[in-house]
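Numbering-wise (my numbering), the sequence shown opens with residue 8 and increments by one.
Heads up, the beta-carbon is just placed ideally off N, CA and C, and yes, glycines get one too.
Everything on this sheet refers to the single structure shown next.
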Amino acid sequence: MRLLVRLLLGLGLVAAVLAASAWFGGRAYLRRSVAQHEGTVTLAGLSAPVEVLFDARGVPQVYAKTDADLRFALGWLHASERLFQMELTRRMARGELSELFGAIAADLDAEQRRLGFARQNARDLATMEPAVRASLEQYVAGVNAWIAQARPLPPEFVILGTGARPWTVEDVSVVGLYQSWFALTLMDRGADYRAVFERLGGDAGRLANAVQAWSPAAVPPAIAATRMTKASNSWVVAPAHSASGAALHASDPHLELSSAPGLWYVVGLHSEQGTDAVGVTAPGLPAVSMGHNGTVSFAFTVAPVDLVDDYTEILDGADGPSPRVRTADGWAPVAVEVDTIRIKGAEPRITRVLRTPRGPVLSMRGDTALVMHWAGYDFPAWKVAAGVNSLMTARDFDGFRRVVTDFGALSVNWTFADRVGHIGYVLGAPVPVRDGYDTFVPQPGTDPRAQWRGYRPLAERPAALDPAQGWLATTNDQVFGPGAPYALPGYYHLTRKLRIAAILDSLTRAGRVTPVMMTAAQMDLTSGNALRWKALAADAAAARGDVRAAALLRAWDGRLVPADTAATLWAYWWQAVPRALFEDELGADWAKARELTVAALSDSADAFADDIRTPARETRADVAARAMAVALAAPWQRPFGEVQTLTVKHPLAMVAALDTWLGLTRGPVPIGGDDATLDAAFTRFDSTTMTLHDEAGPSMRFVLDWADVDGFTLSRHLGQSGNPLSPHFADFLEPHLAGEPWPLPFTRARVEARTVSRLRMVPPG
Numbered sequence: 008m009r010l011l012v013r014l015l016l017g018l019g020l021v022a023a024v025l026a027a028s029a030w031f032g033g034r035a036y037l038r039r040s041v042a043q044h045e046g047t048v049t050l051a052g053l054s055a056p057v058e059v060l061f062d063a064r065g066v067p068q069v070y071a072k073t074d075a076d077l078r079f080a081l082g083w084l085h086a087s088e089r090l091f092q093m094e095l096t097r098r099m100a101r102g103e104l105s106e107l108f109g110a111i112a113a114d115l116d117a118e119q120r121r122l123g124f125a126r127q128n129a130r131d132l133a134t135m136e137p138a139v140r141a142s143l144e145q146y147v148a149g150v151n152a153w154i155a156q157a158r159p160l161p162p163e164f165v166i167l168g169t170g171a172r173p174w175t176v177e178d179v180s181v182v183g184l185y186q187s188w189f190a191l192t193l194m195d196r197g198a199d200y201r202a203v204f205e206r207l208g209g210d211a212g213r214l215a216n217a218v219q220a221w222s223p224a225a226v227p228p229a230i231a232a233t234r235m236t237k238a239s240n241s242w243v244v245a246p247a248h249s250a251s252g253a254a255l256h257a258s259d260p261h262l263e264l265s266s267a268p269g270l271w272y273v274v275g276l277h278s279e280q281g282t283d284a285v286g287v288t289a290p291g292l293p294a295v296s297m298g299h300n301g302t303v304s305f306a307f308t309v310a311p312v313d314l315v316d317d318y319t320e321i322l323d324g325a326d327g328p329s330p331r332v333r334t335a336d337g338w339a340p341v342a343v344e345v346d347t348i349r350i351k352g353a354e355p356r357i358t359r360v361l362r363t364p365r366g367p368v369l370s371m372r373g374d375t376a377l378v379m380h381w382a383g384y385d386f387p388a389w390k391v392a393a394g395v396n397s398l399m400t401a402r403d404f405d406g407f408r409r410v411v412t413d414f415g416a417l418s419v420n421w422t423f424a425d426r427v428g429h430i431g432y433v434l435g436a437p438v439p440v441r442d443g444y445d446t447f448v449p450q451p452g453t454d455p456r457a458q459w460r461g462y463r464p465l466a467e468r469p470a471a472l473d474p475a476q477g478w479l480a481t482t483n484d485q486v487f488g489p490g491a492p493y494a495l496p497g498y499y500h501l502t503r504k505l506r507i508a509a510i511l512d513s514l515t516r517a518g519r520v521t522p523v524m525m526t527a528a529q530m531d532l533t534s535g536n537a538l539r540w541k542a543l544a545a546d547a548a549a550a551r552g553d554v555r556a557a558a559l560l561r562a563w564d565g566r567l568v569p570a571d572t573a574a575t576l577w578a579y580w581w582q583a584v585p586r587a588l589f590e591d592e593l594g595a596d597w598a599k600a601r602e603l604t605v606a607a608l609s610d611s612a613d614a615f616a617d618d619i620r621t622p623a624r625e626t627r628a629d630v631a632a633r634a635m636a637v638a639l640a641a642p643w644q645r646p647f648g649e650v651q652t653l654t655v656k657h658p659l660a661m662v663a664a665l666d667t668w669l670g671l672t673r674g675p676v677p678i679g680g681d682d683a684t685l686d687a688a689f690t691r692f693d694s695t696t697m698t699l700h701d702e703a704g705p706s707m708r709f710v711l712d713w714a715d716v717d718g719f720t721l722s723r724h725l726g727q728s729g730n731p732l733s734p735h736f737a738d739f740l741e742p743h744l745a746g747e748p749w750p751l752p753f754t755r756a757r758v759e760a761r762t763v764s765r766l767r768m769v770p771p772g
């Protein structure tokens, strides 16, 4: 959504806003676009009436006779609350933002055309299974039914002066493909790693590829060796350790928080044909992605497995009509794809993309091309849209495992629990069979050892069921520990796993775990990085001569709470450490190595502690002292909540007149945590104001005790509606930040007890 901010600013919307206000009667007119939550609406396309029951925060529970009507109703609800978000996602996936925003979006559209989602999707549609196509047709019929009767469309469409193009099956499929790429980009650091390795060489590669013995793996060693059995958290606890005697399940995926409306739309889906599921959906896709179906529960975190390899390939005739590429077996043809990007207010732009058998050409240097291969190019584009539908039908671990490993290249870790007491883990990402080369640097295209040899079969994909330790957890961490059956390179976030492992070990040893304890763990503000490195920071403060700061850090418990000043000092020091480690080697590009900070500090060889600009041999303590000098010069005596805040803005809030007119901003509010706390905060540091701005964190939280499906709780970070004039635009925000659970019941009687409004959808006649 930060992209949309730039696009809107580039359009000079202030005049348009004022004109819209005068012409359309301002807020009163736009308020008519708010979603309908009560009454009766007649909709062609339904076979029978559908009832939608809304709770006090606008969460719908949908009751239909058929699965087809259920999907239709979900499409209608998604469009009514999130149509502009869906429009942006569709255009992003297809490379069509310039049609809305003009030349400022043309480069982004060109990049999306290069990645080739729309072309791949169009090619793969012919292979779509009939049942999958039918389910997507039912969903888009509901979307289009809402578009057809919307008067007016949501505010963004009115202000931009554009309509809403009807949705197609192709749109849903390409959104699913794009979402699988988006999940990969959340953790992928390939471009930064390439730049760092070119400068730093083998030491950096050794750190990036090493299995870290100090960080627990997602798959327990005993299971990894036999059955084969990152930023988010999800864990499950076995019945033997729960107070109720049933399995427990918790999840809190981390996504962008600073832009409205956020990804998730919470819903319950119930049909007389057997579909029953409650949880979160992603508008544009037709099913529950995380939640439970009354029999099994399912949640995911991003799996930072490396599913992209870059290659250097020699091209002949790259500028001509029939280019070719050198391979290990001779020359092969290169596809030339010519596209026209339509640009609002400007002439169309013609793009020319070269695509070798491995993938798109990213850049050329002479006759040498940098070519990208992504696992997503090896699977039908519609697999994500099909998989999310199948997920709601899983009834046991084996069925669940088959479903979640058939999502194309969606790179996620799945956690599982069921009503009979099983807990499980599955790596959903496909696992390329590689020949042990360094995946973080480009490989010669003619080297047969760098060619993927297919993917690991299901029996060899990482999974775990009912481990002896009594719990399983994933936090974007490494899948295998030492002694792994094969290498699984990736961009893992290791430190949060230490904290959740400590909490779960403590809870399961001390007694019976309850949902309240699970919620408290989700809100934990103890930084795993602080626990590991605060002694080093304290010693650095003492070395700089600040006895008070040293004592403060030694006495500190590592909790990054808004009222604490020790947390502020720690945060400033931790911000300064990467520069102290890497600036001597990388100069102005030091920040590209930030993701290697923990590995570098953990490295017994101290490869990056020495400052190559000096004749002396510096140690880790010297690095810490240099960083502490920066921290002590900052205003660290302030409470942490004054330094780190969250502000949530609708993208249109960048236009001041609109922000005032429609009230599009929430915050700033004090926020605790960092990227190594379970209640995570992924921040952007402003060196001018010496403040941290929270940009991502827990986008939703759920906790389920299988002893009481009606006690299931789920909250999301902002609100159900993307329409800023809706009462449900931000009514989840404050309770969510405070960790207050929101009930999401399953049985009809409990749903009825929480219903505040009722909408009937009926067919004509």
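- DSSP places asparagine 240 inside the beta strand (DSSP E), whose first and last residues are 239-244.
- When DSSP states are grouped into helix, strand and coil, alanine 587 belongs to the helix group.
- The criterion of a C-beta distance shorter than 8 Å is satisfied by arginine 551 and alanine 632.
- When DSSP states are grouped into helix, strand and coil, lysine 72 belongs to the coil group.
- In the three-state DSSP reduction, alanine 424 falls in the strand class (E or B).
- A contact is defined here as three or more CB-CB pairs under 8 Å, and the segment 403-415 meets this definition with respect to the segment 429-440.
- In the DSSP annotation of this structure, the continuous segment of the alpha helix (DSSP H) that includes arginine 539 starts and ends at 535-550.
- As DSSP reads the structure, threonine 672 sits in a beta bridge with Lys656.
- Sequence-distant partners of tryptophan 577 (beyond 5 residues in either direction) whose C-beta falls short of 6 Å from its own C-beta, in its chain, are Ala537.
- By the Cβ neighbour-count rule, serine 258 is buried, with 16 or more other Cβ atoms within 10 Å of its own.
- The count of Cβ pairs closer than 8 Å, one atom from the segment 114-123 and one from the segment 54-61, stays below three, leaving the stretches out of contact.
- Per DSSP, glycine 648 lies in no beta strand (DSSP E) segment; the continuous alpha helix (DSSP H) that holds it begins and ends at 647-650.
- In the three-state reduction of the DSSP assignment, valine 763 falls in the coil class, being assigned neither a helical nor a strand state.
- Contact between alanine 155 and phenylalanine 164 does not hold, since the beta-carbon distance rounds to 14 Å and is not under 8 Å.
- Scanning the segment 317-352 from its first residue to its last, the whole beta strand (DSSP E) runs of 3-plus residues come out as 331-334, 337-340 and 342-348.
- Residue range 430-434 is occupied by the beta strand (DSSP E) that includes glycine 431.
- In the DSSP assignment, the residues bridged to proline 260 are Ser239.
- Boundaries for arginine 362: no alpha helix (DSSP H) harbours it, while the beta strand (DSSP E) harbouring it runs 356-362, taken from the DSSP string.
- DSSP, reduced to helix, strand and coil, places threonine 134 within a helical segment of the structure shown.
- With a minimum length of 4 residues, there is no unbroken run of alpha helix (DSSP H) contained wholly in the segment 448-488.
- In the DSSP annotation of this structure, the continuous segment of the alpha helix (DSSP H) that includes tyrosine 36 starts and ends at 34-37.
- Taking arginine 601 as the centre and dropping the five residues before and after it, the same chain places the C-beta of Pro585 closer than 7 Å to its C-beta, in chain order.
- A buried status is given to leucine 653, since no fewer than 16 other beta-carbon atoms sit within 10 Å of its beta-carbon.
- Residue environment for glutamine 186: buried (at least 16 other C-beta atoms within 10 angstroms of its C-beta).
- DSSP, read as helix, strand or coil, puts alanine 376 in strand.
- DSSP, reduced to helix, strand and coil, places alanine 267 outside both helices and strands of the structure shown, so it counts as coil.
- Secondary structure at glutamate 88: helix, using DSSP grouped into helix, strand and coil.
- DSSP places valine 630 inside the alpha helix (DSSP H), whose first and last residues are 627-640.
- DSSP lists no beta-bridge partner residue for valine 181.
- A straight line joining the alpha-carbon of aspartate 313 with that of aspartate 445 spans about 11 Å.
- The C-alpha of leucine 479 is placed about 38 Å away from the C-alpha of valine 378.
- The C-alpha of alanine 557 lies about 35 Å from the C-alpha of glutamate 741.
- When the alpha-carbon of valine 315 is set against those of Ile430, Phe189, Ala253 and Ala267, the nearest one is in Phe189.
- Counting C-beta pairs with one atom in each stretch, the segment 579-598 and the segment 620-638 have three or more that are closer than 8 Å, which means they touch.
- For valine 716, the closest C-alpha among the options Pro752, Ala683, Thr690 and Leu732 is that of Pro752.
- Straight-line measurement puts the Cα of proline 161 at about 23 Å from the Cα of isoleucine 111.
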